[in-house]
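Enquirer:
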Amino acid sequence: MSRHCDLCATPPGILLLRAKEWNYHTHRYMVLFITFLAYACYHASRKPTGIVKSVLCPEHEDPKDGWIPFNGYDGPSKLGEIDVAFLACYSIGMYVAGHLGDTLDLRLFLASGMIGSGIFVGLFGMGYFWNVHRFWFYLSMQMIAGMFQATGWPSVVAVIGNWFGKRKRGLIMGIWNAHTSVGNICGSLIAASVLDYGWGWSFVAPGALIVFGGVIVFLFLAPYPEDVGFSSSSSSSSSYADVGDDKEALVHKTGDGALRQASVNRKGIGLVEACMIPGVIPFALCLFFAKLVAYTFLYWLPFYLTHTEIGGKYISVKSAGNLSALFDVGGIVGGILAGYISDKLNARAITAASFMYAAIPSMLLYKHYGSVSMNANIGLMMVTGLLVNGPYALITTAVSADLGTHSSLRGDSRALATVTAIIDGTGSVGAAVGPLLTGFLSTRGWTEVFMMLVVGAFIAGLLLSRLIIAEIGERSSGAQNPEGLSNIPQAKMGLNNPIMTEFCNSLSYFEIVDYR
Numbered sequence: 002m003s004r005h006c007d008l009c010a011t012p013p014g015i016l017l018l019r020a021k022e023w024n025y026h027t028h029r030y031m032v033l034f035i036t037f038l039a040y041a042c043y044h045a046s047r048k049p050t051g052i053v054k055s056v057l058c059p060e061h062e063d064p065k066d067g068w069i070p071f072n073g074y075d076g077p078s079k080l081g082e083i084d085v086a087f088l089a090c091y092s093i094g095m096y097v098a099g100h101l102g103d104t105l106d107l108r109l110f111l112a113s114g115m116i117g118s119g120i121f122v123g124l125f126g127m128g129y130f131w132n133v134h135r136f137w138f139y140l141s142m143q144m145i146a147g148m149f150q151a152t153g154w155p156s157v158v159a160v161i162g163n164w165f166g167k168r169k170r171g172l173i174m175g176i177w178n179a180h181t182s183v184g185n186i187c188g189s190l191i192a193a194s195v196l197d198y199g200w201g202w203s204f205v206a207p208g209a210l211i212v213f214g215g216v217i218v219f220l221f222l223a224p225y226p227e228d229v230g231f232s233s234s235s236s237s238s239s240s241y242a243d244v245g246d247d248k249e250a251l252v253h254k255t256g257d258g259a260l261r262q263a264s265v266n267r268k269g270i271g272l273v274e275a276c277m278i279p280g281v282i283p284f285a286l287c288l289f290f291a292k293l294v295a296y297t298f299l300y301w302l303p304f305y306l307t308h309t310e311i312g313g314k315y316i317s318v319k320s321a322g323n324l325s326a327l328f329d330v331g332g333i334v335g336g337i338l339a340g341y342i343s344d345k346l347n348a349r350a351i352t353a354a355s356f357m358y359a360a361i362p363s364m365l366l367y368k369h370y371g372s373v374s375m376n377a378n379i380g381l382m383m384v385t386g387l388l389v390n391g392p393y394a395l396i397t398t399a400v401s402a403d404l405g406t407h408s409s410l411r412g413d414s415r416a417l418a419t420v421t422a423i424i425d426g427t428g429s430v431g432a433a434v435g436p437l438l439t440g441f442l443s444t445r446g447w448t449e450v451f452m453m454l455v456v457g458a459f460i461a462g463l464l465l466s467r468l469i470i471a472e473i474g475e476r477s478s479g480a481q482n483p484e485g486l487s488n489i490p491q492a493k494m495g496l497n498n499p500i501m502t503e504f505c506n507s508l509s510y511f512e513i514v515d516y517r
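Position 338 (the sequence shown) corresponds to 339 in this note's numbering; numbering is contiguous.
Following this line, the structure appears as structure tokens:
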């Protein structure tokens with residue numbers, strides 16, 4: 002894509018506000034805010050299907066009150082198929098989107114993905130107003146929406162990596178990563194608030210929100226410092242060893258002629274080449290099971306709440322949607338806490354596995370005692386959200402940031418979006434499998450669903466065993482880097498050259514903790 006066309010110039014909103022004259026740090030905070038808003042919109046638009054499940058497929062009312070074709074005895078299974086269609090297309094699209102994100106203009110790519118997502122999420126809801134009762138219609142809308150949704154995560158991680166590549170960002174990135182849970186909460190509240198006017202509005206409203214977010218991205222997002230007249234000396238490999246604690250990015254203004262180079266000629270990396278980077282495949286497989294657990298809660302928790310007695314009575318669909326948002330409140334705390342602990346312990350694998358193992362008794366307690374009272378349900382739900390979302394967030398983003406600038410990459414060949422897509426795309430296959438199995442297992446009882454989640458959490462922790470052993474060995478031998486070497490073992494990751502050693506030193510502070 003040529004960067005010399007009008008659409009590829011400095012973002013028009015920045016020109017309008019004369020924001021091009023802002024200093025480097027102001028632009029970075031603007032990037033943080035816009036990417037936070039963008040991915041929160043993505044997740045908000047994924048929540049409606051979970052909120053309206055009980056309306057489409059009621060259990061305690063007359064099935065005629067549901068919505069054909071979901072109100073029959075096979076309704077839960079069809080709803081599971083809708084979820085897996087979305088997530089399967091999302092995971093497949095992720096691999097393509099990651100490669101495209103490393104080669105195309107990230108601003109236009111992300112804005113197009115958001116607007117496309119909003120259109121097809123809204124079209125799913127229009128089935129209510131158009132009185133559509135064909136299963137293929139809803140299946141198709143979800144599949145196309147899933148493809149557009151795949152543009153989100155690789156793009157925002159790549160943009161953040163371009164602006165925040167060096168030191169001391171654990172707390173900032175941990176807070177930034179809350180976009181996933183904030184989006185889930187907003188999506189739940191918006192979808193539930195308009196549900197009384199017809200379930201179609203629960204899709205149209207979040208769809209309009211993400212379209213609005215796409216317009217904001219188009220107007221104001223600068224994917225690279227060079228897009229607004231800055232050139233980072235850290236882009237040169239020779240500068241890595243010279244960056245001090247008080248100089249996160251050594252930047253200077255450039256002339257307009259050099260302004261666009263970073264966005265013009267980004268060298269892409271192939272999927273096979275990215276898979277060959279040491280560590281990509283193991284972490285991708287681990288995320289498969291972590292997202293299986295997390296996305297089962299994302300899509301089925303409101304449905305579970307409406308079909309389970311809490312304190313001796315059932316709650317309404319709207320109340321279930323609002324109550325399920327508390328799971329993501331716990332997820333916000335979990336993401337930040339996991340990043341903070343892994344910084345302090347210098348042990349990402351140990352932290353992530355500990356959270357996953359602790360989630361097992363938490364989920365079992367929620368299943369058996371969450372129905373005792375509303376207070377018990379809320380408390381156990383938030384603890385479970387903390388333990389489930391924490392490691393999933395930590396693994397996705399911190400590892401993607403590490404591997405996206407691996408030492409095997411040369412020159413401008415950056416793979417942030419591609420590596421992120423491989424890891425999160427593989428995880429999204431698990432995210433599709435979990436809701437699909439839940440659709441079938443829930444017809445036989447919720448105990449089997451929770452046992453599936455327990456097994457998934459156990460395997461996710463088990464897959465980190467080699468890294469855990471390596472981290473324990475490093476700590477016991479006293480061979481840790483005093484400045485905070487990245488907790489992914491260098492010998493296993495192939496990071497033995499001086500430049501990447503310094504990069505790993507800095508990455509212990511660079512915790513992008515998601516989500517997504």
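For every residue, glycine included, the Cβ atom is placed at its ideal position computed from N, Cα and C. None of these values were measured; they are calculated from a predicted model.
Only counting the same chain, and skipping five residues up and downstream in sequence, which positions put a Cβ closer than 8 Å to that of alanine 359?
Expert: Cβ neighbours of alanine 359 beyond the five flanking positions: Leu388.
Enquirer: Within 10 Å of its beta-carbon, does phenylalanine 130 have 16 or more other beta-carbons around it, so buried, or fewer, so exposed?
Expert: Exposed, since its Cβ has fewer than 16 Cβ neighbours within 10 Å.
Enquirer: Grab me the residues of isoleucine 361's own chain with a C-beta within less than 7 Å of its C-beta, minus the 5 sequence neighbours each way, in chain order.
Expert: Result list for isoleucine 361: Val455, Ala458 and Phe459, in chain order.
Enquirer: Please classify methionine 277: is it buried, with 16 or more other beta-carbons within 10 angstroms of its beta-carbon, or exposed?
Expert: Label assigned to methionine 277: exposed.
Enquirer: Could you spell out the range, first to last residue, of the alpha helix (DSSP H) harbouring tryptophan 137?
Expert: Looking at the DSSP string, the run of the alpha helix (DSSP H) that includes tryptophan 137 is 136-150.
Enquirer: Check isoleucine 311 in the structure and name its three-state DSSP category.
Expert: In the structure shown, isoleucine 311 sits in a strand (DSSP, three-state: E or B).
Enquirer: Which first and last residues belong to the alpha helix (DSSP H) in which aspartate 329 is found?
Expert: Per DSSP, aspartate 329 belongs to the alpha helix (DSSP H) from 318-346.
Enquirer: Is histidine 28 buried or exposed, if buried means 16 or more other CB atoms sit within 10 Å of its CB?
Expert: That one is buried.
Enquirer: Tell me which same chain residues have a C-beta within less than 6 Å of the C-beta of leucine 109, skipping the five on either side of it?
Expert: Excluding sequence neighbours, leucine 109 sits near nothing in its chain.
Enquirer: Is the CB-CB distance between alanine 422 and leucine 88 below 8 Å?
Expert: It is not a contact, given that the beta carbons lie outside the stated cut-off.
Enquirer: Does the beta-carbon of proline 313 have 16 or more other beta-carbons within 10 angstroms, so that it is buried, or is it exposed?
Expert: The question names proline, but residue 313 is glycine in the sequence shown. It counts as exposed.
Enquirer: Thinking just about the alpha-carbon of each residue, which of Ser477, Gly462, Tyr367 and Met375 is nearest to the one in valine 450?
Expert: With distances taken between Cα atoms, valine 450 lies closest to Tyr367.
Enquirer: What separation, rounded to the nearest whole angstrom, lies between the Cα atoms of tryptophan 177 and methionine 453?
Expert: Distance between the alpha carbons of tryptophan 177 and methionine 453: 31 Å.
Enquirer: Please work out which residues of its chain come closer than 8 Å, Cβ to Cβ, to alanine 326, disregarding the five sequence neighbours upstream and downstream, and give them in chain order.
Expert: Hits under 8 Å: Asn185, Ile186, Ser189 and Leu190.
Enquirer: Output the boundary residues of the alpha helix (DSSP H) element that contains cysteine 58.
Expert: Note, cysteine 58: premise wrong, no alpha helix (DSSP H); not H, not E.
Enquirer: Can you give me the C-alpha to C-alpha distance between proline 436 and tyrosine 296, rounded to a whole angstrom?
Expert: Approximately 7 Å between the Cα atoms of the pair.
Enquirer: In terms of residue numbering, what span does the alpha helix (DSSP H) encompassing proline 207 cover?
Expert: Start and end: 202-221.
Enquirer: Counting pairs of Cβ atoms below 8 Å between the stretch 337-352 and the stretch 208-221, do you hit three or more?
Expert: Segments in contact, no.
Enquirer: Among Val384, Val56, Phe121 and Thr427, which residue has its Cα nearest to the Cα of serine 320?
Expert: Residue Val56 is the option with its Cα nearest to serine 320.
Enquirer: Candidates Gly208, Thr397 and Thr307: which alpha carbon is nearest tryptophan 447's?
Expert: Closest by alpha carbon: Thr307.
Enquirer: In the DSSP assignment, find the alpha helix (DSSP H) that holds tyrosine 367 and state where it starts and stops.
Expert: Its alpha helix (DSSP H) spans residues 349-370.
Enquirer: For tyrosine 225 and glycine 14, what's the separation of their Cα atoms in angstroms?
Expert: Each residue's Cα considered, the two are about 16 Å apart.
Enquirer: Quick check on proline 490: buried or exposed, where buried means 16 or more other Cβ atoms within 10 Å of its Cβ?
Expert: Confidence at proline 490 is low in this model, with a pLDDT of 45, below 50, so the placement of that residue should be treated as unreliable; the coordinate-derived value is given next. Answer is buried; the Cβ neighbour count reaches 16.
Enquirer: Within 10 angstroms of its Cβ, does leucine 17 collect 16 or more other Cβ (buried), or is it exposed?
Expert: Exposed, by the Cβ-count rule.
Enquirer: What are the boundary residues of the alpha helix (DSSP H) that glutamate 475 is part of?
Expert: Residues 466-478.
Enquirer: Among Ala179, Ile35, Tyr341 and Val205, which has the Cα closest to the Cα of glycine 332?
Expert: The residue with the shortest Cα to Cα distance from glycine 332 is Ala179.
Enquirer: Could you compute how far the alpha carbon of aspartate 75 sits from the alpha carbon of alanine 98?
Expert: C-alpha separation (whole angstroms): 34 Å.
Enquirer: Among Ser477, Val281, Ser343 and Gly94, whose alpha-carbon lies nearest the alpha-carbon of proline 1?
Expert: A query on residue 1 cannot be resolved here, the shown segment of the chain reaching from 2 to 517 and no further.
Enquirer: Would alanine 354 count as contacting chain C if we go by Cβ distances under 8 Å?
Expert: In the structure shown, chain C does not exist; there is a single protein chain.
Enquirer: Can you check which of these residues, Phe34, Val133 and Met142, is closest to threonine 50 by C-alpha distance?
Expert: Checked all of Phe34, Val133 and Met142; the closest Cα to threonine 50 is Met142.
Enquirer: Buried or exposed for arginine 135, please, with buried defined as at least 16 other CB atoms from any protein chain shown within 10 angstroms of its CB.
Expert: Classification of arginine 135: exposed, given that the 10 Å Cβ count is below 16.
Enquirer: Just to confirm, are leucine 95 and aspartate 329 a CB contact at a threshold of 8 Å?
Expert: Checking the sequence, you will find methionine at residue 95 rather than leucine. Their beta carbons are not under 8 Å apart, which means methionine 95 does not touch aspartate 329 by this criterion.
Enquirer: May I have the straight-line CA-CA distance separating methionine 383 from valine 160, to the nearest angstrom?
Expert: The alpha-carbon atoms of methionine 383 and valine 160 are separated by roughly 31 Å.
Enquirer: Along the alpha helix (DSSP H) that carries asparagine 185, what are the first and last residues, could you check?
Expert: 180-194 is the extent of the alpha helix (DSSP H) around asparagine 185.
Enquirer: Rounded to whole angstroms, what is the Cα-Cα separation between valine 158 and valine 420?
Expert: C-alpha separation (whole angstroms): 10 Å.
Enquirer: Grab me the residues of leucine 442's own chain with a C-beta within less than 6 Å of its C-beta, minus the 5 sequence neighbours each way, in chain order.
Expert: So the list reads Glu449 and Val450, once near-sequence residues are dropped.
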